[in-house]
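Data block below; observations after.
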Amino acid sequence: MEPKVESRNTHLGEIARLAAAGDTSATARLLRMVAPEMLRVVRGVMGPYSTEVDDAVQQALVALIQALPAFRGECAPTGYACRIAFRTALGMRKKAHQAHTRHDLTVETDLLPVDDSPSGLRESRRRTELVRNLLEHIPSEQAEALAMRTMLGWSLEEISRASGAPVNTVRSRLRLAKEALRRNIESDPALAEELGVG
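Quick note on my numbering: the sequence shown kicks off at 1414 and runs consecutively.
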């Protein structure tokens, strides 16, 4: 880790400890510092054009404030916040899906290759949304690791710091997540066809 990054993490860790102890000024500073990354996570899970993004970020920030007393500094504060954001956004997607809410299909991520033609972009967006839906059906720790890796572009070491899990555990979670997605896709011929698999 570069010294500048390490210094920022140490500073952020101290702010998080003060916030966890009930310091309201530190809590406000912490929220300002981690909110941009939390927003990235929420957009990655829900899609950048989802009308629910703002609500999900607000709920995630509230959930972070509520979870702060339990923060013990065993992982990076930004990772702690991003895990809460991921779970909040995923929970909102599940509720929307259960309520048969129509999902926003105009999403963009780097999960799948993009064909630059208009029809290719529509198809890529549709496949990306299908993959996002599949994340709801795998264990949360695996889904978190996969989202951090594919949606945020985090390294294994960054995911390890964020989750407090060893790098080998992160590697295993990613492998299991990919296998679970593959099984889900292969067990549904219509879905496999839509994703262009097989």
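Just so it is clear, CB atoms sit at the ideal spot from N, CA and C, and this is done for glycine as well.
As the structure is a prediction and not an experimental result, all values here were calculated from the model.
On the DSSP letters alone, give me the boundaries of the alpha helix (DSSP H) that residue i sits inside.
i	result
residue 1561	1553–1563
residue 1585	1580–1599
residue 1574	1569–1576
Taking C-beta to C-beta, are residue i and residue j nearer than 8 Å?
i	j	result
residue 1594	residue 1551	yes
residue 1495	residue 1575	yes
residue 1439	residue 1473	no
residue 1446	residue 1477	no
residue 1570	residue 1580	yes
residue 1448	residue 1484	no
residue 1559	residue 1548	yes
residue 1459	residue 1500	no
residue 1457	residue 1589	no
residue 1586	residue 1554	yes
residue 1598	residue 1583	no
So residue i and residue j are supposed to be a Cβ contact under 8 Å. How far apart are they, rounded?
i	j	result
residue 1451	residue 1466	The pair is not a contact, with the Cβ atoms about 11 Å apart (cut-off 8 Å).
Does the beta-carbon of residue i have 16 or more other beta-carbons within 10 angstroms, so that it is buried, or is it exposed?
i	result
residue 1490	buried
residue 1563	buried
residue 1437	exposed
residue 1606	exposed
residue 1475	exposed
residue 1463	buried
residue 1492	buried
residue 1557	buried
residue 1535	exposed
residue 1419	For residue 1419, the predicted structure reports a pLDDT of 49, less than 50, and the residue's modelled location is therefore unreliable. A value from the coordinates is still provided. Exposed.
Within the region 1447–1481, note down every full beta strand (DSSP E) run reaching 3 residues or more, in order along the chain. If we require 3 residues or more, the region 1447–1481 turns out to have no beta strand (DSSP E) run fully inside it.
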